[in-house]
Amino acid sequence: MSETLLCSRNLAFELYEVLDAESLTQRERYADHSCETFDAALSTARSIAENLFAPHNRKNDEHEPQYVDGAAVLIPEVKPAVDAFLEAGFLNATRDFEVGGMQLPTLLSQACFAHFQSANAATTSYPFLTMGAANLIENFGSEEQKQRFLQPMIEGRFFGTMALTEPHAGSSLSDIRTRAEPAADGTYRLKGNKIFISGGDHPLSENIIHLVLAKLPDAPAGVKGISLFIVPKFLVNEDGSLGPRNDVTLAGLFHKMGWRGTTSTALNFGDNGECVGYLVGKAHHGLSYMFQMMNEARIGVGTGAAMLGYAGYLYSLEYARQRPQGRQPDGKDPAAPQIAIIEHADVKRMLLAQKAYVEGAFDLCLYAARLFDDTQTLPEPEQRASALELLDLLTPIVKSWPSEFCLKANELAIQILGGHGYTREYPVEQYYRDNRLNPIHEGTHGIQSLDLLGRKVTQNGGAALKQLVKLIQNCCHRAEAYESLTALRQPLEQHLSRLSNVTLALIGDLMSGKIRQGLANSALYLKVFGHAVIAWRWLEQAIHATEGLANGSPADADFYQGKLQAARYFLTWELPACQHELSLLEARDDTCLNMQDGWF
């Protein structure tokens, strides 16, 4: 039986050979776990994803949520799938045993979640948003807020959202206009409008807890004047029972190109002047709190993009193996049987590119999850802080690189199916449409590139960047032990050297006040930086594949050879192609910067 969600052998390779998940069981928090418990969780996730999430993925797309009498109506298959997710414990996969959680490492929870993201990105969004909102309240909410709102979220009775975007402001959160007025009872009354709120209304839970950014009357201008509020759809009484409907109105639903099964809502707060909100933490510190959920979401977006790319890759691979068409260029006999299209060199190229993109992205996303485990469970505070710095640096890459290049993988999947790929009778066109959202939401490529170059690479004296460079150099040094990897290692060493020089020069521009010039081509910088990271991750995989060929089971020989060929493709085809972007960065090319409005 062909695999449709992700390759289980590749998942085992990542977890147990590349990222050494078993070593996490040596840490106190995960001591009750073993490879057997990890595999049991993965098996459960795969089963639920295959049996309850994947079957209605197409129906989700064809029958998007409807606005009926002021509420969002979903297809009936969504709730049983989400309920099964909750009942299996995945909503609290990383929470403590004492509160009913599975206490899994984040690495394993992300590996479990990958199955759901591949099977049905839209339905998966509802519990994922809830997990992020619950984590935020747990870290920054008051004890009363945790009891009233967090506990029902942990139990799966309340779901959550993040409400940031406003019609006039878009990604420019400093310009939001939603206001919060203090009330005599210590709560606040909110008034404003939010758009593109995923999961902003649905019938899947008793209540929906909106985390809303707003400004108080005395708020300073800009992002330093943003506060964060809990705004429930239904008010919650002190005894935990539901009170009356809060003054939050579903104004309408957006009709999206893809990812249609997740409601994308326009919400009005306080149309009647009675929208009750609860301040989270300190006034004017809301954006810093929200960044926790945003960063979690960005890593989730990257993983989701990788999994949509993965689903398209696996489908087009199976199609290419079964579809007969044409003959080899040197075949002269028209009566000879047709060959499967996977035998054509250009189809191999497209499949190999997909494999390099999706498996490279998947590795990076799991590596980020492993880093998060390190931030929580490494023994020394300095080690945890160092892991957090590196994760912070890599977050723009984890979000953006899979969003761009796994979308390209989806495009190639369509191309392999030819005319069939462009029809709705095959799923690859939906994967493309679903994935097209990922370069946009949770911060566009442009925003991520400004964050990377304008802030992340220089943070704390460039400590995280230095750490990353050392990791890549160490990987190259270990690869020197294998002569067969020389042709893979050298392009990465050359790229890293040139990227390091470009980075220092651009930092020099920024430090000398040439802000616009230094950041003008940040999107190019994001690409060449991201390619360096993915090339490093592929060289790591190549080292383990080489060792697997030498010491592993002969039955795995084809798997390891496939890893090495994909690594070869990325490091000798994709990475050297960045030389053009590096040249533009070195030259401080101002073609885009100096373009004038009137010239268009």
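For the sequence shown, the positions run 34 to 633 when the numbering used here is used.
Positions of the beta carbon are idealized from the N, C-alpha and C atoms, including for glycine.
In this text the structure is predicted, and so the values were computed from the model without any measurement.
Under the three-state DSSP convention, the category residue i falls into
| i | result |
| --- | --- |
| residue 266 | coil |
| residue 436 | helix |
| residue 525 | helix |
| residue 38 | coil |
| residue 302 | strand |
| residue 630 | helix |
| residue 419 | helix |
| residue 240 | strand |
| residue 175 | coil |
| residue 282 | strand |
| residue 261 | strand |
| residue 596 | helix |
| residue 624 | coil |
| residue 548 | helix |
| residue 131 | helix |
| residue 205 | coil |
| residue 456 | coil |
| residue 328 | helix |
| residue 472 | coil |
| residue 635 | Beyond the ends of the chain as shown, which are 34 and 633, falls residue 635; an answer cannot be given. |
| residue 340 | helix |
| residue 516 | helix |
| residue 445 | helix |
Host beta strand (DSSP E) of residue i (start-end)
| i | result |
| --- | --- |
| residue 588 | It is not in any beta strand (DSSP E) - residue 588 carries neither H nor E in the DSSP assignment. |
| residue 226 | 221-231 |
| residue 277 | 275-278 |
| residue 716 | Lying before the first or after the last residue shown, residue 716 is absent from the chain, which here runs from 34 to 633. |
| residue 312 | 308-312 |
| residue 99 | 99-101 |
Nonlocal neighbours in the same chain, by C-beta distance under 8 Å from residue i, ignoring five residues either side
| i | result |
| --- | --- |
| residue 254 | 207 |
| residue 236 | 104, 105, 106, 107 and 112 |
| residue 595 | 388 |
| residue 285 | 100, 298 and 299 |
For residue i: DSSP bridge partner residues
| i | result |
| --- | --- |
| residue 248 | 212 |
| residue 357 | 373 |
| residue 151 | Its beta-bridge partners do not exist; DSSP assigns none. |
| residue 106 | 99 |
Residues near residue i in its chain [Cβ-Cβ closer than 6 Å; skip 5 each side]
| i | result |
| --- | --- |
| residue 314 | 173 and 322 |
| residue 195 | 244 and 326 |
| residue 118 | 160 |
| residue 403 | 52 and 140 |
| residue 114 | 85, 86 and 156 |
| residue 90 | 153 |
| residue 62 | 410 |
Neighbourhood of residue i by C-beta, 7 Å cutoff - its chain only, sequence neighbours within 5 removed
| i | result |
| --- | --- |
| residue 333 | 161 |
| residue 145 | 74, 75, 78, 123 and 126 |
| residue 238 | 190, 191 and 192 |
| residue 479 | 556 |
| residue 617 | 554 and 557 |
| residue 34 | Because residue 34 carries a pLDDT of 49, less than 50, the predicted location of this residue cannot be relied on, and no value is offered for it. |
Extent of the continuous alpha helix (DSSP H) to which residue i belongs
| i | result |
| --- | --- |
| residue 295 | Here residue 295 belongs to no alpha helix (DSSP H), and DSSP marks it neither H nor E. |
| residue 479 | 478-487 |
| residue 393 | 378-410 |
| residue 619 | 612-619 |
| residue 70 | 68-81 |
| residue 315 | Segment: none, residue 315 is in no alpha helix (DSSP H) and carries neither H nor E. |
| residue 185 | 184-187 |
Whole-Å CB distance - residue i paired with residue j, under 8 Å assumed
| i | j | result |
| --- | --- | --- |
| residue 219 | residue 330 | Not really, about 30 Å apart at Cβ, beyond 8 Å. |
| residue 230 | residue 300 | 5 Å |
| residue 600 | residue 582 | That pair is no contact at about 13 Å. |
| residue 428 | residue 493 | With 8 Å as the limit, residue 428 and residue 493 do not qualify as a contact, their Cβ atoms being about 15 Å apart. |
| residue 424 | residue 405 | 6 Å |
| residue 509 | residue 560 | Not confirmed; about 21 Å, so no contact. |
| residue 637 | residue 150 | Nothing can be reported for residue 637: it is not among the residues displayed for the chain, which extend from 34 to 633. |
| residue 605 | residue 524 | 6 Å |
| residue 266 | residue 240 | 6 Å |
| residue 224 | residue 308 | 7 Å |
| residue 459 | residue 391 | Not quite, the Cβ-Cβ distance comes to about 18 Å (not below 8 Å), so this is no contact. |
| residue 521 | residue 292 | Wrong, their Cβ atoms sit about 36 Å apart, outside the cutoff. |
| residue 317 | residue 227 | Their Cβ separation, rounded to whole angstroms, is 19 Å, which puts residue 317 and residue 227 out of contact at 8 Å. |
Residue i: CB within 8 Å of a non-hydrogen atom of the ligand SAM
| i | result |
| --- | --- |
| residue 77 | As presented, the structure is devoid of all ligands, the ligand SAM included, so that no description of it is given. |
Short CB-CB distance (under 9 Å) between residue i and chain D
| i | result |
| --- | --- |
| residue 396 | This model lacks chain D altogether, as it is built from one protein chain only. |
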